[in-house]
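Here the structure is laid out as structure tokens; the discussion comes afterwards.
2 protein chains.
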Amino acid sequence: MKRRTIKDIAKESGFSLSTVSLVLNNHPRISQATRDRVMEVVRKYDFHPNSAARGLASKSSRTLSVVIPNLSRVFSDIYLGEIISGIYERATSQGYKILLDIATAQFIASQEYTKLLASRRADGMLFIASDIHADYLHVFEGAPYPFILVNHLFPGKRLNYVAVDYASSARLAAEHLLGLGHRRIGLIAGTNTHTGLIFRDEFLRACREWPAGAADVTWVDGGDEWSQRGGYAATAKLMGLRPDLTAIMAANDRMALGAMRWMVDHHLEVPEDVSVMGVDDIQIAAYVNPGLSTVRHDLYQVGIESCNRLLQLMNGEIKECSDLLPTSLVVRGSTGRVPAGK
Amino acid sequence: MKRRTIKDIAKESGFSLSTVSLVLNNHPRISQATRDRVMEVVRKYDFHPNSAARGLASKSSRTLSVVIPNLSRVFSDIYLGEIISGIYERATSQGYKILLDIATAQFIASQEYTKLLASRRADGMLFIASDIHADYLHVFEGAPYPFILVNHLFPGKRLNYVAVDYASSARLAAEHLLGLGHRRIGLIAGTNTHTGLIFRDEFLRACREWPAGAADVTWVDGGDEWSQRGGYAATAKLMGLRPDLTAIMAANDRMALGAMRWMVDHHLEVPEDVSVMGVDDIQIAAYVNPGLSTVRHDLYQVGIESCNRLLQLMNGEIKECSDLLPTSLVVRGSTGRVPAGK
DNA sequence: TTCATCGGGTAAAACGCTCGACGGCGCAAG
DNA sequence: CTTGCGCCGTCGAGCGTTTTACCCGATGAA
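Chains as they are written, first to last, in the working numbering: chain A, 1 to 342; chain B, 1001 to 1342.
Here's what the structure looks like:
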């Protein structure tokens, strides 16, 4: 069966090639009557224009590249799911498709991130995969291609980004704990991303400069995967170092859940003995017992916004972008006033 | 900055257009000397051939469409992640890219699944998103396009598929529990997929026909999301109906974890009071306490194999495919002999 | 010496669509 | 009755590759 082309539609409908093309692209130049006649034939043959030909002629692939990290359990991370859903929603609504890539060693080594754009396979790129070591991204400085770092940023590099405001999260969290009277706090940080470092540093700063008296913060690394396991191990370490801690602050909810689990396993009550706080407000945070106090990061919104910005970059509406999205405190049962006499 | 084309490379290297093209496609026709001369220029300009033009001329997009379900927390399902990783690995190794789509209502309603292939945006489709209601897939019967159902199947429809052998899983699980002496078993089934139904029916059959005496199986639905929450609720229901159950069989590990959680909350020991068993062998199954006995489903392999089959379908090596992948029993601590006197 | 063969390269016709330039026609204004 | 202008539609020149013939010169056999 021969594949149909726009030519067949033209012949059958009695109009010219160009007319059919214009109809298919909803060009206002064409009258409703003509449009109807053409569409009738289009529908009759269930015709769909060849996208390669379209891409070639129009110089646009109507495709966005999305690069996700190569963590073993990457998909199990709700974090990513939310972002991708947001991106998908936005991209689809604008007629764009999503080309998915995983930032494997191979992907990086063969510079696929450049090829994708240079070969026009994708019109722009949303990079969710960066950690602190992604120096190769410097090729995107100076914006040779529409490129956005999603929920990450590199201080000092001129790379477009859309991210949650981790510094503000750190402040909200610190103020909450300090306000409850905590002065000996354990911090489980993520140090393999710049956003993680920003969070840590701002949290430490806020605790140091608290008007009602500085807090004593001990911090440890929660591991590169920001996982429950990592949080558990980090908590063990913290409590070993400082058994007198009254609060644990984890840089994300999953690590916080690990911390809570450690408390249960060691017969410590949350928040009576130790308060535990996370960041992100993942779905399960509301369901654990006690509910996890956290700072809400709207990752879906990050996805939406990144995609928006990328589209704007692509059609020249903006030249660069460095958005920080607001966060908000979510107080649940896992944090409480510092125990009397502690 | 003008975009370079193959023409520029031809001019600069002193060869013809066709020669450059042949070089770029590793055609044996060209001598090593020529190849080197051309590649030198290619590298000098960091040239990457336009993929739309390629696609148009070669009639292949070198892209595979992957459609995933529209569950709210779909990405948090390790199940999907494993499959996609497998697909990605295989596709990439063959020079194919992945076009990701989510089976939203919109996606279905606008028949994107057809458009994608008809417009040649993708050369083939891997459909992971099907549930029992996906009747619209009938358009793929008779193989108008390379299409494979991943880890699902529709009895009675001639649709290609690659799936884990759920019937064999059911038998392995049943034999394990029956062999331990259990005769009053609660089954948490998933009924929104055909594979789920196959599992349930085969499990019931195996229990009915057990040589050493049929078991009494009570089954309930675990909910459409096959989630921990669903498993928890289903367990509550089962234990309400039949407080004398000695074993709970869940159609996947996540529901089994929900069941174990219910036991903990109700001060029942696993497996001393009640044995609990799952299916899939997700990563966490080995880490819970006690370890979850389960039937191992190698979802990564399902991804690899589906992609393999799709590629074979695409280049005509096979005409259809209905693969069932083997499963194996994994015994951990959550199942034990039926309690004495019960 | 002649001629078939072959390795290695080239010319040029697709591939199927977009879009800017162009033009015919009818109607209102001059 | 011209002229000008808008509205609708058409012409046709690309877009950047792939790929099928075809060509040419060297080589070896007859």
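All residues carry an ideal CB built from backbone N, CA and C; glycine is no exception.
If you're wondering where the values come from, they're calculated on a predicted model, not measured in any experiment.
Handout entry: Check whether A1236 (chain B) and G1278 (chain B) have beta carbons under 7 Å apart
Key = Taking the second sequence and counting its residues from 1, the one referred to as residue 1236 (chain B) is at position 236. Taking the second sequence and counting its residues from 1, the one referred to as residue 1278 (chain B) is at position 278. Not a contact, by the Cβ cut-off of 7 Å.
Exercise for the section: Please state whether DSSP places V1274 (chain B) in a helix, a strand or coil. Expected result: Counting from one through the second sequence, the residue named residue 1274 (chain B) turns up at place 274. V1274 (chain B): coil per DSSP, three-state reduction.
Handout entry: Cβ-based neighbour list, S1130 (chain B), same chain, cut-off 7 Å, excluding 5 preceding and 5 following
Key = The sequence position of residue 1130 (chain B) within the second sequence is 130, counting from 1. Taken in chain order, the residues that qualify are L1137, L1149, H1152.
Exercise for the section: Report yes if the CB atom of H1266 (chain B) is closer than 7 Å to the CB atom of D1280 (chain B), and no otherwise. Expected result: Position 266 of the second sequence holds residue 1266 (chain B). Position 280 of the second sequence holds residue 1280 (chain B). No, they are not a contact pair.
Handout entry: Whole beta strand (DSSP E) elements within the stretch 1052 to 1089 of chain B, 3-residue minimum
Key = Runs found: 1063 to 1068.
Handout entry: Residues sharing a beta bridge with Y161 (chain A), DSSP
Key = As a first step, residue 161 (chain A) must be located in the first sequence, where it is residue number 161. DSSP output for Y161 (chain A) lists A:L149, A:S322 as bridge partner(s).
Practice task
Would you kindly check if the distance between the Cβ of T195 (chain A) and the Cβ of Y232 (chain A) is under 7 Å?
Solution key: Locating residue 232 (chain A) in the first sequence gives position 232, counting from the first residue. Locating residue 195 (chain A) in the first sequence gives position 195, counting from the first residue. In this structure, the beta-carbon distance from Y232 (chain A) to T195 (chain A) does not fall below 7 Å.
Problem - Unbroken alpha helix (DSSP H) run spanning I248 (chain A), endpoints - result: On the first sequence, position 248 is the one that residue 248 (chain A) refers to. Unbroken run through I248 (chain A) is the beta strand (DSSP E), 247 to 250; no alpha helix (DSSP H).
Handout entry: Any chain B beta carbon closer than 7 Å to A91 (chain A)
Key = Indexing the first sequence from 1 puts residue 91 (chain A) at position 91. Judged by the 7 Å Cβ criterion, A91 (chain A) is not in contact with chain B.
Exercise for the section: Could you tell me if L1257 (chain B) is buried or exposed, where buried requires 16 or more neighbouring beta carbons within 10 angstroms of its beta carbon? Expected result: The sequence position of residue 1257 (chain B) within the second sequence is 257, counting from 1. Classification of L1257 (chain B): buried, given that the 10 Å Cβ count is 16 or more.
Handout entry: Proximity to L1197 (chain B) [Cα-Cα], best of B:K1044, B:R1309, B:S1169
Key = Stepping through the second sequence from its first residue, residue 1197 (chain B) is reached at position 197. That would be B:S1169, whose Cα lies nearest to the Cα of L1197 (chain B).
Practice task
Quick one: residues in its chain with C-beta nearer than 8 Å to the C-beta of I1083 (chain B), no 5 flanking neighbours on either side, listed in chain order?
Solution key: To locate residue 1083 (chain B), count along the second sequence from 1; it is residue 83. Cβ neighbours of I1083 (chain B) beyond the five flanking positions: I1128, V1150, N1151, L1299, Y1300, V1302, G1303, S1306.
Handout entry: Segment contact, 8 Å Cβ cut-off, at least three pairs: the stretch 1305 to 1321 of chain B with the stretch 1212 to 1228 of chain B
Key = The answer is no - the stretch 1212 to 1228 of chain B does not touch the stretch 1305 to 1321 of chain B, with fewer than three Cβ pairs under 8 Å.
Problem - 7 Å Cβ shell around C1207 (chain B) - same chain, five flanking residues per side excluded - result: Here the question's residue 1207 (chain B) lines up with position 207 in the second sequence. Cβ within range, chain order: A1174, L1178, I1185, A1214, A1215, V1217.
Exercise for the section: Could you list which residues in chain B have their beta carbon closer than 7 Å to that of A52 (chain A), in chain order? Expected result: For the purposes of this step, residue 52 (chain A) is identified with residue 52 of the first sequence, where counting begins at 1. Simply A1052, G1055, L1056, S1061, R1120.
Handout entry: Minimum Cβ-Cβ distance from K97 (chain A) to chain B less than 7 Å
Key = Position 97 of the first sequence, counted from the start, is the residue given in the question as residue 97 (chain A). Taking 7 Å as the CB threshold, K97 (chain A) lines the interface with chain B.
Problem - Span separating the alpha-carbon of S275 (chain A) from that of L268 (chain A) - result: If you number the first sequence from 1, residue 275 (chain A) lands on position 275. If you number the first sequence from 1, residue 268 (chain A) lands on position 268. Straight through space, the alpha carbons of L268 (chain A) and S275 (chain A) are spaced by roughly 10 Å.
Practice task
From the DSSP output, read off the bridge partner residues of K217 (chain A).
Solution key: Taking the first residue of the first sequence as 1, we reach residue 217 (chain A) at position 217. Contrary to the premise, residue 217 (chain A) reads as Val rather than Lys in this sequence. For V217 (chain A), the pairing in a beta bridge is given by DSSP as A:I185.
Handout entry: Reference E112 (chain A), options B:S1061, B:L1172, B:D1046, closest by Cα
Key = Here residue 112 (chain A) corresponds to residue number 112 of the first sequence, with the count starting at 1. Here the closest residue by C-alpha is B:D1046.
Exercise for the section: Report the rounded CA-to-CA distance for S1334 (chain B) versus P1271 (chain B), giving the unit in angstroms. Expected result: One-based indexing of the second sequence puts residue 1334 (chain B) at position 334. One-based indexing of the second sequence puts residue 1271 (chain B) at position 271. Straight-line Cα distance between these residues: approximately 5 Å.
Handout entry: Residues within the stretch 1038 to 1052 of chain B neighbouring chain A, beta-carbon criterion of under 9 Å
Key = The residues in question are D1046, F1047, H1048, P1049, N1050, S1051, A1052.
Exercise for the section: May I have the straight-line CA-CA distance separating V74 (chain A) from E12 (chain A), to the nearest angstrom? Expected result: Working through the first sequence from its first residue, we reach residue 74 (chain A) at position 74. Working through the first sequence from its first residue, we reach residue 12 (chain A) at position 12. Legend: pLDDT at V74 (chain A) = 49, less than 50; position of this residue unreliable, no value from coordinates given.
Problem - G1291 (chain B) to V1264 (chain B) span [Cα, whole Å] - result: What you label residue 1291 (chain B) is simply residue 291 of the second sequence in a count that begins at 1. What you label residue 1264 (chain B) is simply residue 264 of the second sequence in a count that begins at 1. Spanning the two alpha carbons is a distance of roughly 14 Å.
Problem - Against chain A: residues of the stretch 1105 to 1129 of chain B by CB proximity under 7 Å - result: Those would be K1115, A1118, S1119, R1120, R1121, in chain order.
Exercise for the section: Output, in chain order, the set of chain B residues within a Cβ distance shorter than 7 Å of L100 (chain A). Expected result: The residue labelled residue 100 (chain A) in the question sits at position 100 within the first sequence. The CB of L100 (chain A) comes closer than 7 Å to the CB of I1098, L1100 in chain B, given here in chain order.
Exercise for the section: Give the range of the beta strand (DSSP E) segment to which D101 (chain A) is assigned. Expected result: Locating residue 101 (chain A) in the first sequence gives position 101, counting from the first residue. Secondary structure note for D101 (chain A): its beta strand (DSSP E) is the uninterrupted segment 97 to 102.
Exercise for the section: Spell out a yes or no on whether the stretch 1102 to 1122 of chain B and the stretch 1054 to 1068 of chain B are touching, meaning 3 or more CB-CB pairs, one atom from each, closer than 8 Å. Expected result: Contact holds: three or more Cβ-Cβ distances are below 8 Å.
Practice task
Would you kindly work out how many angstroms separate the C-alpha atoms of K319 (chain A) and T114 (chain A), rounded to a whole number?
Solution key: Numbered from 1 along the first sequence, position 319 holds the residue referred to as residue 319 (chain A). Numbered from 1 along the first sequence, position 114 holds the residue referred to as residue 114 (chain A). Taking the straight line from one Cα to the other gives about 19 Å.
Handout entry: Proximity test, Cβ basis, 7 Å: Y145 (chain A) and chain B
Key = In the first sequence, counting from the first residue as 1, residue 145 (chain A) sits at position 145. It does not: the Cβ of Y145 (chain A) has no partner Cβ on chain B nearer than 7 Å.
Practice task
Taking the CB atoms as reference points, tell me whether A105 (chain A) and I98 (chain A) lie closer together than 7 Å.
Solution key: On the first sequence, position 105 is the one that residue 105 (chain A) refers to. On the first sequence, position 98 is the one that residue 98 (chain A) refers to. A105 (chain A) places its beta carbon 7 Å or farther from that of I98 (chain A).
Practice task
Could you work out which residue in B:L1117, B:E1089, B:I1102, B:D1101 is closest to F107 (chain A) when comparing CA atoms only?
Solution key: For the purposes of this step, residue 107 (chain A) is taken as the residue at position 107 of the first sequence. Cα-wise, what sits closest to F107 (chain A) is B:E1089.
Problem - Residues that Y1300 (chain B) contacts on chain A, provided the C-beta gap is smaller than 8 Å - result: Taking the second sequence and counting its residues from 1, the one referred to as residue 1300 (chain B) is at position 300. The contacting residues do not exist; Y1300 (chain B) stays about 11 Å from chain A at best.
Problem - CB contact check: L232 (chain A) to chain B, cutoff 7 Å - result: Residue mapping note: residue 232 (chain A) aligns to position 232 of the first sequence, counting from 1. Here residue 232 (chain A) is Tyr; the residue named in the question, Leu, does not match the sequence. Y232 (chain A) has a beta carbon lying at 7 Å or more from every beta carbon in chain B.
Exercise for the section: Determine the DSSP secondary structure at T1294 (chain B), reduced to helix, strand or coil. Expected result: Here the question's residue 1294 (chain B) lines up with position 294 in the second sequence. Strand at T1294 (chain B).
Practice task
Drop a sphere of 10 angstroms on the beta-carbon of A1189 (chain B), count the other beta-carbons inside from all chains shown, and report buried for 16 or more, exposed for fewer.
Solution key: As a working note, residue 1189 (chain B) is residue 189 in the second sequence. Buried is the call here.
Handout entry: V42 (chain A) - DSSP class collapsed to helix/strand/coil
Key = Within the first sequence, numbered from 1, the residue matching residue 42 (chain A) stands at position 42. In the structure shown, V42 (chain A) sits in a helix (DSSP, three-state: H, G or I).
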